[in-house]
Amino acid sequence: MNKSIFTFKKHLINDNRQLEQSLTNMSNLEIIMAINHCLKQEIFNAINKAIFSYKKVPITADDIYNEFLYECPNILHKYKYKSDSNFYAYVNQVVKNFCLNKLNFWQRKKRSIDLNMSSIDEMIYITDDTAENEIYEKAYEEDFNRLFYRYFSQNDVFNIKLLLSRKWSPHSTYKLNLFRNAIVEKIITFYSA
0 MNKSIFTFKK
10 HLINDNRQLE
20 QSLTNMSNLE
30 IIMAINHCLK
40 QEIFNAINKA
50 IFSYKKVPIT
60 ADDIYNEFLY
70 ECPNILHKYK
80 YKSDSNFYAY
90 VNQVVKNFCL
100 NKLNFWQRKK
110 RSIDLNMSSI
120 DEMIYITDDT
130 AENEIYEKAY
140 EEDFNRLFYR
150 YFSQNDVFNI
160 KLLLSRKWSP
170 HSTYKLNLFR
180 NAIVEKIITF
190 YSA
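0 is the number of the first residue of the sequence shown in numbering that gives the first Met the number 0; add one for each residue after it.
And the structure:
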């Protein structure tokens with residue numbers, strides 16, 4: 000055990016007046032180690048007592064204890080000896096106030112409204128154009144595949160290719176118009192069903 004922790008423990012038990020002097024001489028790390036070694040259980044008891052009535056706060060006793068250890072050198076450097084009180088009472092009151100500040104902070108944070116967020120009602124009317132276009136394209140492809148590969152015969156497919164090509168056709172314009180009308184009729188019947 001470190002010498003400064005040993006003297007801290009000795010002054011804690013015997014003389015609180017000397018404790019004030021030893022706290023000013025100790026480094027921050029030594030204060031953290033001394034508090035963790037000597038007063039851990041008392042601090043946890045005070046934290047659990049303060050946390051008990053706050054049920055819906057997302058912070059635990061370990062979180063508060065670790066934050067307190069981080070802040071305790073600054074807090075304990077301010078300790079002044081008083082004859083009518085001892086160091087345990089000072090630490091207990093400091094831990095209680097520290098806990099209440101943390102718990103109130105988390106309760107305010109839970110209650111605070113984030114004005115940048117959209118309400119659920121507004122989210123219903125938000126349109127995603129790319130997703131809609133993707134869905135329409137997939138539906139169009141599926142309809143086209145059903146029409147072209149299932150509804151048309153091989154002869155119809157050949158006639159469509161013939162109509163779409165700009166090459167010379169062995170058929171007359173009248174015959175091509177008949178093919179076109181027959182295909183248009185099939186497309187109309189397919190989409191009206």
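All C-beta atoms in this analysis are idealised placements derived from N, C-alpha and C, irrespective of residue type, glycine included.
- Listed in chain order, the non-local C-beta contacts of E29 below 6 Å within the same chain comprise S3, local neighbours out to five positions each way being set aside.
- Nearest to D83 by alpha-carbon distance, out of K9, T172, S171 and N15, is N15.
- Counted as a single uninterrupted DSSP element, the alpha helix (DSSP H) harbouring I42 occupies residues K39 to I50.
- Its chain contains no residue whose beta carbon lies nearer than 6 Å to that of N154 once the 5 sequence neighbours on both sides are disregarded.
- Classified as buried, F97 has 16 or more neighbouring CB atoms from the shown chains inside 10 Å of its CB.
- Here the C-alpha atom of K137 lies approximately 14 Å from the C-alpha atom of D128.
- Not a single unbroken stretch of the alpha helix (DSSP H) spanning 4 or more residues falls wholly within the segment 64-89.
- Ranked by how close their Cα comes to the Cα of L22, the residues Y69, A45 and L75 have L75 in first place.
- Measuring C-alpha to C-alpha distances from D142 to each of K79, S191 and T126 identifies S191 as the nearest.
- Residue environment analysis places F51 among the exposed positions, since fewer than 16 neighbouring C-beta atoms fall within 10 angstroms of its C-beta.
- The criterion of a C-beta distance shorter than 8 Å is satisfied by Y64 and I42.
- At a Cβ-Cβ threshold of 8 Å, C37 and L11 count as neighbours.
- The shortest CA-to-CA distance from I186 to any of L146, F178 and N176 is the one to L146.
- With respect to P72, I31 sits close: the two C-beta atoms are nearer than 8 Å.
- Within the same chain, and ignoring the five residues on either side of Y150 in sequence, the residues whose Cβ sits closer than 6 Å to its Cβ are F189.
- Between A49 and L99 the beta-carbon gap is near 6 Å, inside 8 Å, which marks them as a contact.
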